[in-house]
Every structure is written in C-alpha cells, then in structure tokens.
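Here the sequence shown is numbered in the working numbering, starting from 59 and rising by one per residue. Here the structure is laid out as structure tokens; the discussion comes afterwards.
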Amino acid sequence: MAKTRVHELAKQYGVESKFVLDKLKEMGEFVKSASSTVEPPVEMRFKKQFGAELKAAGGAAPAAESSAPRPGAPRPAAPAARPAAPAAPA
Numbered sequence: 059m060a061k062t063r064v065h066e067l068a069k070q071y072g073v074e075s076k077f078v079l080d081k082l083k084e085m086g087e088f089v090k091s092a093s094s095t096v097e098p099p100v101e102m103r104f105k106k107q108f109g110a111e112l113k114a115a116g117g118a119a120p121a122a123e124s125s126a127p128r129p130g131a132p133r134p135a136a137p138a139a140r141p142a143a144p145a146a147p148a
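Next up, the structure:
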C-alpha cells in the first residue's frame, strides 16, 4: 500500500490540512506539513478515530474556503465594456 499525504486525507474528508495535521499530532504522529506522508496503519487509525465524525459532519468541520483569490490563480475575465450610448438629440 502506498503512503498517503496529509493533504490527500484532508481532501478526502473536506477539511483543511491544518485540521488533519493537528489531529495527527494529537495522536502522537510526527507530521510537519500538508505534504508529509502518513503510514497506512496511521491512516487507518485516523479514519477509525475521526472518519465517522468527519463524514457525519459532511465536511462542515473547519473547511472554510476563503473568498480571497489564491496567489498565482487565474484571474476571472473582466466584463466586456459596453459601448457608449449615443447622445440624445437636443
């Protein structure tokens, strides 16, 4: 079985990577960042402890998406400029 990254676990449950990192640290696992890998037995323990809770919450746990654009994300297209209305005769 391949190792799973923290950010993949977070995506699976619809929560932020920081939330998963905190929970793994509470479990006594050494993880530093979202790109850290997790051994299969640790992943199974995480799923047993928090999986049902996170699935029941429907991803309502700390998965707040910020409305600010990400750096490097493509910008939305600017609205098309309207032509100026012709002046009304006086």
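Even glycine gets a Cβ: it sits at the ideal position worked out from N, Cα and C. Quick caveat: nothing in here was measured; it's all calculated off a predicted structure.
CA-to-CA distance, residue j to residue i, given in whole angstroms
i	j	result
Q107	P132	38 angstroms
L79	M102	15 angstroms
S91	K61	15 angstroms
P98	S75	18 angstroms
V89	L67	13 angstroms
E87	G109	17 angstroms
Beta-bridge pairing of residue i - partner residues as DSSP gives them
i	result
V96	T62
Beta carbon proximity, residue i to chain B, threshold 8 angstroms
i	result
S94	Structure shown: chain B not included; a single protein chain is present.
Residues of its chain near residue i, where Cβ-Cβ distance is below 6 angstroms and the 5 sequence neighbours each way are ignored
i	result
S94	V64
L82	V89
Residue i versus the options, residue with shortest Cα-Cα distance
i	options	result
K69	V100, M85, K113	K113
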